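Under the UniProt record's numbering, the first residue of the sequence shown carries the number 530, and numbering increases by one thereafter. Here is the structure we will look at.
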Amino acid sequence: TAKENGSSQYQFYDAVSDQSSLEQIMLENDLEQAIDNNQLKLVYQPKFDIRTGLIIGYEALIRWYHPILGEIPPLSFIPLAEKSGMIIALEQWVLRTACLQSKQWQCEGYDAVPIAVNVSPIHLMKPDIYETIIRTLKELDFDPTLLEIEITESAMMHNEDHVIDILGKLKESGISVSMDDFGTGYSSLSYLHNLPIGCLKIDRSFIRKITIDKDSRAIAEMIISMAKQLGLKIIAEGVETEEQVALLREWKCYNVQGFYYSRPLSPENAIHSRVS
Ligand code: C2E
Ligand code: MG
Ligand code: MG
Ligand code: MG
Numbered sequence: 530t531a532k533e534n535g536s537s538q539y540q541f542y543d544a545v546s547d548q549s550s551l552e553q554i555m556l557e558n559d560l561e562q563a564i565d566n567n568q569l570k571l572v573y574q575p576k577f578d579i580r581t582g583l584i585i586g587y588e589a590l591i592r593w594y595h596p597i598l599g600e601i602p603p604l605s606f607i608p609l610a611e612k613s614g615m616i617i618a619l620e621q622w623v624l625r626t627a628c629l630q631s632k633q634w635q636c637e638g639y640d641a642v643p644i645a646v647n648v649s650p651i652h653l654m655k656p657d658i659y660e661t662i663i664r665t666l667k668e669l670d671f672d673p674t675l676l677e678i679e680i681t682e683s684a685m686m687h688n689e690d691h692v693i694d695i696l697g698k699l700k701e702s703g704i705s706v707s708m709d710d711f712g713t714g715y716s717s718l719s720y721l722h723n724l725p726i727g728c729l730k731i732d733r734s735f736i737r738k739i740t741i742d743k744d745s746r747a748i749a750e751m752i753i754s755m756a757k758q759l760g761l762k763i764i765a766e767g768v769e770t771e772e773q774v775a776l777l778r779e780w781k782c783y784n785v786q787g788f789y790y791s792r793p794l795s796p797e798n799a800i801h802s803r804v805s
């Protein structure tokens, strides 16, 4: 649950594990209506360069405001959406909404920075995912080099060849791909250099412990130096303290995301926090 993850100070409603199957079915049903009923929103967490303090990109994160249950965190309903197949429609909505938001910011005169969306392994397995993404970008007249896709290591476990093919095509079209939550999966480090990805996001679970636990520190430092040797970009997730920032700076890991700099924000607040 959210509480056990330490991911929130609130005790959120956990749709997946705390519910009987009847209630799950009802919730699944509600989720199908959620897009049409305007219950889904995106919040945007900035990514920063600690050397300049400037925002270098945003990550779009989904929120579901259920009329009765209130806010349901993504980690509770994404698995449900994956199980029912809803994840595909849901993430198509996310992609479209995030791109439209980014375009609107550009119209308002803000410098364009990349916007990242999370893509589920289930969605990644869809045979026409590449075509659908490209069609959406064309339709919206959105610059592919301003789109970033975050996938998790578990995507590799489904059908590695298919995933490599898709990622390769995305890269060719200018879209960048990041490996999210890096270090938590079962990936062997050796396959990384064969993957058409541009960036590793070091998982929050390591960053949380770099200032207190010698092993986590060693792992994080090793991931950073490996990423550099492979020519990959690197960003630290879940940065919460000044001490963590200091260590990351020492390791020349200058890109960060985390509550120390900013929580995920509404579109209005996200753009007003821009320095430039
Ligand atoms: P993620 O993609 O790894 O996103 C980072 C999560 O960590 C976000 O939680 C963010 O609010 C939280 N976070 C960021 N900085 C800090 C920090 O300093 N401290 C702490 N404690 N937490 C921090 P959120 O928004 O609850 O999202 C959780 C996960 O839900 C995401 O993890 C992602 O895997 C998934 N998710 C969200 N939107 C989507 C989506 O559109 N599609 C898919 N497939 N998954 C999504
Ligand atoms: Mg992510
Ligand atoms: Mg992440
Ligand atoms: Mg994470």
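C-beta: ideal position from N, C-alpha, C; glycine also. Since this is a predicted model, take the numbers as computed values, not measurements.
Secondary structure at L759: coil, using DSSP grouped into helix, strand and coil. Under the three-state reduction of DSSP, L676 is assigned to strand.
In the DSSP assignment, no residue is bridged to T740. Here K698 is near Y659, since their CB atoms are less than 7 Å apart. With a threshold of 16 other beta carbon atoms within 10 Å, C782 meets it and is buried. Inter-residue distance for R733 and E557 is about 29 Å (C-alpha atoms, whole angstroms). Here I597 is actually not in contact with V648; their C-beta atoms are around 29 Å apart, not less than 8 Å. Judged by the Cβ position, E769 fails to qualify as a neighbour of ligand 3 at the 6 Å threshold, every heavy atom of the ligand being at least this far. Ranked by how close their Cα comes to the Cα of F577, the residues L569, L571 and G586 have G586 in first place. Taking a 10 Å sphere around the C-beta of L629, we find fewer than 16 other C-beta atoms and assign the residue as exposed.
In this structure, C728 places its C-beta atom within 7 Å of the C-beta atom of S707. Per the Cβ contact rule, the stretch 684-693 is not in contact with the stretch 662-670 (fewer than 3 Cβ pairs under 8 Å). In this structure, L776 keeps its C-beta atom at 7 Å or more from the C-beta atom of A765.
According to the DSSP assignment, A627 belongs to the alpha helix (DSSP H) that extends over I616 to C636.
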